[in-house]
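The numbering of the sequence shown is our numbering, which starts it at -17 and goes up by one.
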Amino acid sequence: MRFNSPLALAVLAGTLSNALPTPQNAPVDPSSLPTSASSDPAIASEQLDQLFAFAQQQANDDLAASSSKRATCNKNTVAVRKEWNALSNTERKAYTDAVLCLQAKKANTPASLIPGAKSRFDDFVGNHILKTMEIHYTGTFLAWHRYFTWQYEQALRNECGYKGYQPYWNWAKTAVSGLDKAPMLDGSAYSMSGNGEKIAGQGNVVIAGRGEPIITIPPGTGGGCVKSGPFKNMKVNLGPVALSTTNGTEIANGDGLSYNPRCLTRDLTDYSNKKWANAAAIADLIINKKDIWQFEMVMQGVPGTDSLGVHGGGHYSMGGDPGRDFFVSPGDPLFYLHHGMIDKVWWTWQQLDPKTRVESEKGGVSGTGTFLNNPPSANTTFDTVIDLGYAASGSQRMEDLMSTTEGPFCYIYV
-17 MRFNSPLALA
-7 VLAGTLSNAL
3 PTPQNAPVDP
13 SSLPTSASSD
23 PAIASEQLDQ
33 LFAFAQQQAN
43 DDLAASSSKR
53 ATCNKNTVAV
63 RKEWNALSNT
73 ERKAYTDAVL
83 CLQAKKANTP
93 ASLIPGAKSR
103 FDDFVGNHIL
113 KTMEIHYTGT
123 FLAWHRYFTW
133 QYEQALRNEC
143 GYKGYQPYWN
153 WAKTAVSGLD
163 KAPMLDGSAY
173 SMSGNGEKIA
183 GQGNVVIAGR
193 GEPIITIPPG
203 TGGGCVKSGP
213 FKNMKVNLGP
223 VALSTTNGTE
233 IANGDGLSYN
243 PRCLTRDLTD
253 YSNKKWANAA
263 AIADLIINKK
273 DIWQFEMVMQ
283 GVPGTDSLGV
293 HGGGHYSMGG
303 DPGRDFFVSP
313 GDPLFYLHHG
323 MIDKVWWTWQ
333 QLDPKTRVES
343 EKGGVSGTGT
353 FLNNPPSANT
363 TFDTVIDLGY
373 AASGSQRMED
383 LMSTTEGPFC
393 YIYV
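Structure (structure tokens):
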């Protein structure tokens, strides 16, 4: 993802299932896996189906073979995260009800630290604002967001009675169907709400770094306050910090930590989804990127190119406020489905070579502790400690966040 904030520019100068799932198709022979990603989205989609099935098969085999060694995570206790489309209406509503519950609970963050944090939901948004320049284009990008999304899931379950698990948004499917036509965004009572009110005459979003190629994104099909669904009355309390607008500018409210209540807006933008977060882009990441540095950089959008990566492609597909603000983006509940997919793509890539990509520090971690290493900082290692401030108690070493079935985690994807 390319960021357009002044600070960044300066730098650039699953629903519940406690049983092991069974793959629907015949076992995948590793030798039959694609060795080169297709640029044709239809063929790439078939390649992804094969890769996802193999990753699930690998996870199933590992859990079944190692169940005697696992005191807490085994084939009987593993959680299963599913795509939004795979959830029933009852399961979808249970999820959005839990999000609304979290938004109604009092914040844990002291007002002296983040005056605008008014809810438990805001605790997560505020922590992301504070950490933004330490968790993007850094060695912790993937693991930090894995832990962040998991702790959000735990808050939904432990504080709001949610019985399911974190669903994810398959960008490859919405790149084909169109965002407005996706069940996840159709604006019904069983969606993540839909588009914002249509604002006519919007200009382009222009993302331009100093010395970087200019990226121009046409306006989406909304732009105003979310008009229907569970989050139509939601208030965004924090930010903006670096909000890209449709007149080619960027707006901010200081450091974004003060109380600034406003409606949730969206500007669903198929252009971003189709261009940067399609099946071919995902397949390219999983198949063609062989080392972690290349994988995570291309995922975020390599500086100096005209790509936002699948990470930025998803964020800019949401549009609106705070969807286009990389500091405050968790203020849109859709953020967590987006990062569920980010995690699934990483998980799939890891399953292709777990000894190198999960168990090895050299093969699993690359980068430093600051945005593009500016200012210069220490390399990220397995001993690097991650914490989420007042969003969630405790801390974790990077090594313990590499596998979704070890450390604090016990989940897989289907």
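Every residue gets a Cβ at the ideal spot worked out from N, C-alpha and C, and that includes glycine.
Helix, strand or coil: which one does DSSP assign to residue i?
i, result
"D307", "strand"
"K57", "coil"
"T352", "coil"
"T198", "strand"
"V284", "coil"
"N361", "strand"
"Y318", "helix"
"S377", "strand"
"Y144", "coil"
"D79", "helix"
"M384", "coil"
"T131", "helix"
"V292", "helix"
"G169", "coil"
"A93", "coil"
"H118", "coil"
"A(-5)", "Bear in mind that the predicted position of A(-5) carries a pLDDT of just 43, short of 50, making it too unreliable to give a figure here."
"P9", "coil"
"V347", "coil"
"G313", "helix"
"L161", "helix"
"L33", "helix"
"V107", "helix"
"A19", "coil"
Just how far apart, CA to CA, sit residue i and residue j?
i, j, result
"D369", "L45", "28 Å"
"E343", "A35", "26 Å"
"T122", "C392", "20 Å"
"D168", "K75", "14 Å"
"R306", "F353", "18 Å"
"T59", "W153", "28 Å"
"P5", "A137", "For P5, the predicted model reports a pLDDT of 48, less than 50, meaning its position is unreliable; a value from the coordinates is still stated below. Between P5 and A137, the C-alpha separation is close to 29 Å."
"K180", "C207", "9 Å"
"S27", "A261", "5 Å"
"P243", "V327", "34 Å"
"S274", "W126", "Residue identity check: residue 274 is Ile in the sequence provided, not Ser. One C-alpha to the other measures close to 15 Å."
"A224", "D314", "15 Å"
"F277", "P336", "15 Å"
"C55", "Q148", "17 Å"
"R248", "Y150", "19 Å"
"P304", "A265", "28 Å"
"M166", "Y144", "18 Å"
"S299", "V310", "15 Å"
"G98", "N109", "12 Å"
"T350", "T362", "5 Å"
"P92", "Q39", "45 Å"
"G301", "A47", "44 Å"
"V187", "S14", "42 Å"
"P222", "A234", "5 Å"
"H321", "T231", "26 Å"
Bridge partners for residue i per DSSP, in chain order?
i, result
"E65", "Y150"
"G205", "K180"
"S299", "Its beta-bridge partners do not exist; DSSP assigns none."
"K88", "S101"
"I25", "I25 pairs with nothing; no bridge assigned."
"D369", "S377"
"I394", "V62"
"V187", "I199"
Report the residue from the options whose alpha carbon sits nearest the alpha carbon of residue i.
i, options, result
"H297", "L69, L95, V107, N255", "N255"
"A89", "K100, I324, T350, C83", "K100"
"E388", "S348, V340, S359", "V340"
"P357", "G98, E116, M380", "E116"
"D104", "Y119, P12, Y395, P312", "P312"
"M281", "T287, K272, H293, W275", "H293"
"T198", "V107, T227, V218, T120", "T227"
"N71", "A80, T156, A171", "A171"
"G19", "Q333, P165, P285, K271", "One detail in the question is off: residue 19 reads as Ala in this sequence, not Gly. Checked all of Q333, P165, P285, K271; the closest Cα to A19 is K271."
"I269", "A259, L334, L239, A373", "L334"
"P201", "A234, S173, Y253", "Y253"
"D11", "P23, Q32, S21", "Q32"
"I394", "W132, L30, R102, K113", "W132"
"G286", "T203, I196, N215", "I196"
"V218", "G238, D22, G230, Y372", "G238"
Worksheet item: What are the complete alpha helix (DSSP H) segments, minimum 4 residues, inside the segment 211 to 278?
Response: Counting whole runs of 4 or more residues, the segment 211 to 278 contains the alpha helix (DSSP H) stretches 252 to 258, 261 to 265.
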